[in-house]
Every structure is written in C-alpha cells, then in structure tokens.
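Numbering (our numbering), first residue to last: 1 to 215.
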Amino acid sequence: MKLFLDTANLAEIRQAAAWGVICGVTTNPSLAAREKEEFSAILPQICDLVDGPVSAEVLAQDYEGMVTEARQLAAIHKNVNIKIPITPEGMQAVKTLAGEGIKTNVTLVFSANQALLAARAGAAFVSPFIGRLDDIGHNGVELVEEIVALFKIHGIDTEVIAASIRHTAHVPAVALAGAHIGTIPFKVLRQMFNHPLTDSGIERFLADWQKALKG
Ligand code: G3P
C-alpha cells in the first residue's frame with residue numbers, strides 16, 4: 001500500500017516528503033480552509049514538494065461548474081487529479097474528464113455501489129471514508145475489503161484510496177484489506193514511527209557503547 005499525506009499544510013508535506021515515505025497528497029475544502037494562503041497558491045507548491053498524484057477538490061456541484069473547475073485545477077500541474085463527490089452530476093463530469101485524460105478521485109464514497117459507479121464512469125481513484133463510517137457504527141475497513149474484492153473480480157483498475165484514516169491501527173488494517181493507497185493525516189503518520197522498544201533499544205545501544213568507551 002502506498003502512503004499519501006492527507007493535508008493542505010505545506011510544512012507537514014515538506015516534512016513527510018523529507019522523510020521519504022509519501023508519494024502523493026490528498027486535500028479537501030475543509031483541509032484547504034485551515035490554511036492562511038489561498039489554495040490556488042498552495043497547490044503548485046504541493047506539486048513541487050511531492051512528485052506524485054495530488055488531489056484537489058472541486059467546489060461546484062453542477063456538471064458544467066465541476067468540469068470548468070477541474071480543467072483549471074488540472075492545468076496547474078500534470079500531477080493534479082480532481083476530487084469529485086459521488087453524485088450523478090459528479091460521475092457525468094468524471095466521464096467527460098476521463099475522455100480528456102484528466103484523472104479523477106471520486107470522494108465521499110460510503111458503499112460498494114458508489115465505488116462501482118465511480119469506476120465505471122472512469123475514475124482513476126475512489127476514496128472510501130473509513131473513519132466517518134466507523135463514527136456511525138459501521139465498519140470502514142470492511143468496506144475497503146469489499147471494494148478491493150469487487151474490483152479484483154471484475155478486472156477494474158481504479159485504485160482504492162483508504163481515506164478518513166483516524167488512528168495508526170487503521171493503517172495496517174486497510175493495507176491488509178488490499179487498499180492500493182492509504183491517505184494519512186500528518187499526526188497519524190508521525191505516530192506510525194513510534195514504538196517504546198525502539199526508544200529503549202536506541203537508549204540501550206548508546207549506553208552500552210558509552211560504557212565500552214569508558215571501560
Ligand atoms: O481524505 C478525506 C479525509 O480528509 C476525511 O477525513 O477525518 O475529515 O473524516 P475526516
């Protein structure tokens with residue numbers, strides 16, 4: 001499973017890119033709204049920091065508006081793909097954009113039916129939202145498993161991005177469920193490094209080395 005960072009924050013993206021562990025970025029209007037800079041100014045900088053897919057979401061909800069916004073966003077950089085919600089108008093836009101070679105990431109996916117519709121419209125990526133399903137007492141990881149199995153049976157090459165990841169246990173769970181990509185908030189990505197035995201192990205190696213030097 002590839003790791004993307006789920007943020008519009010440039011400092012977080014710069015840090016995660018420097019660690020060498022991410023190969024893409026996803027954003028959404030809520031994440032973009034947290035930043036001081038205009039999103040139109042942030043997006044090209046994200047593309048300079050990460051040489052991989054960068055998802056930017058349309059705000060329009062009508063077909064014409066979505067296609068117009070998508071074309072403008074896609075023109076910013078070759079790695080930009082367009083996040084479009086799973087609605088009938090959205091899928092019409094996905095179909096048009098796929099015909100123009102513009103990749104899309106269909107978002108706010110909460111069922112296998114929605115994922116299948118997105119794939120058949122021509123989406124490059126679908127994003128099931130794990131945490132938001134868990135929030136309402138459903139099982140987000142099981143949905144990822146279901147979508148991955150369905151795509152495999154039918155030879156669908158749309159990639160599954162496990163999104164709305166809330167904690168470190170979600171990450172191996174969606175990887176084992178077969179997600180092609182997990183998009184991770186920065187805080188969770190940082191926590192993935194942690195293990196108390198790593199910390200105590202480093203301490204012990206250093207202490208043993210110091211002891212040997214003194215002896
Ligand atoms: O990638 C989608 C993600 O940002 C949504 O996460 O935590 O708002 O459900 P959350």
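We put the beta carbon where it would ideally sit given N, CA and C, even for glycine.
Kindly indicate the opening and closing residues of the beta strand (DSSP E) around residue i.
i	result
K2	K2 to D6
I161	E159 to A162
F125	F125 to P128
I181	I181 to I184
V109	T104 to V109
N81	V80 to P85
A56	V54 to E57
Span of the alpha helix (DSSP H) holding residue i?
i	result
A212	P196 to K214
E69	Y63 to A74
G90	P88 to G99
V171	H170 to L176
V141	G140 to I153
A17	L10 to W19
C47	F39 to L49
Q121	It should be pointed out that residue 121 corresponds to Ala in this sequence rather than to Gln. Taken as a continuous stretch (DSSP letters only), the alpha helix (DSSP H) holding A121 covers A112 to A121.
Within 10 angstroms of the Cβ of residue i, are there 16 or more other Cβ atoms? Answer buried if so, exposed if not.
i	result
I86	buried
M36	Met is not the amino acid found at residue 36; the sequence shown has Lys there. K36 is exposed by the Cβ-count criterion.
N113	exposed
L59	exposed
K78	exposed
F205	exposed
L213	exposed
A115	buried
Out of the options, point me to the one whose CA is closest to residue i's CA.
i	options	result
L5	G182, P172 and K214	G182
A258	N105, A8 and V50	Outside the displayed span of the chain (1 to 215) sits residue 258, for which this structure offers no information.
H167	V148, R14, I161 and I184	I184
T107	A162, T68 and A179	A162
I13	A75, K187 and D208	K187
F193	V171, H154 and A149	V171
N28	A56, L73 and Q15	A56
L3	R34, G99, A121 and V54	V54
V174	M91, F129 and A70	F129
A74	Q61, H154, D62 and E100	E100
Could you tell me whether any non-hydrogen atom of the ligand NAP is closer than 7 Å to the CB of residue i?
i	result
S127	As presented, the structure is devoid of the ligand NAP, carrying the ligand G3P as its sole ligands.
- May I ask you to verify whether the region 42 to 50 touches the region 139 to 153, counting CB pairs closer than 8 Å and requiring at least 3? Counting C-beta pairs closer than 8 Å gives fewer than three between the region 42 to 50 and the region 139 to 153, which falls short of the contact rule.
- Message: Taking contact to mean 3 or more Cβ pairs, one atom from each stretch, closer than 8 Å, check whether the region 48 to 65 and the region 18 to 28 are in contact.
- Response: Contact holds: three or more Cβ-Cβ distances are below 8 Å.
- Item | Cβ pair count under 8 Å reaching 3, the region 94 to 104 against the region 132 to 140 | Contact fails between the region 94 to 104 and the region 132 to 140, because fewer than three Cβ pairs, one in each stretch, are under 8 Å apart.
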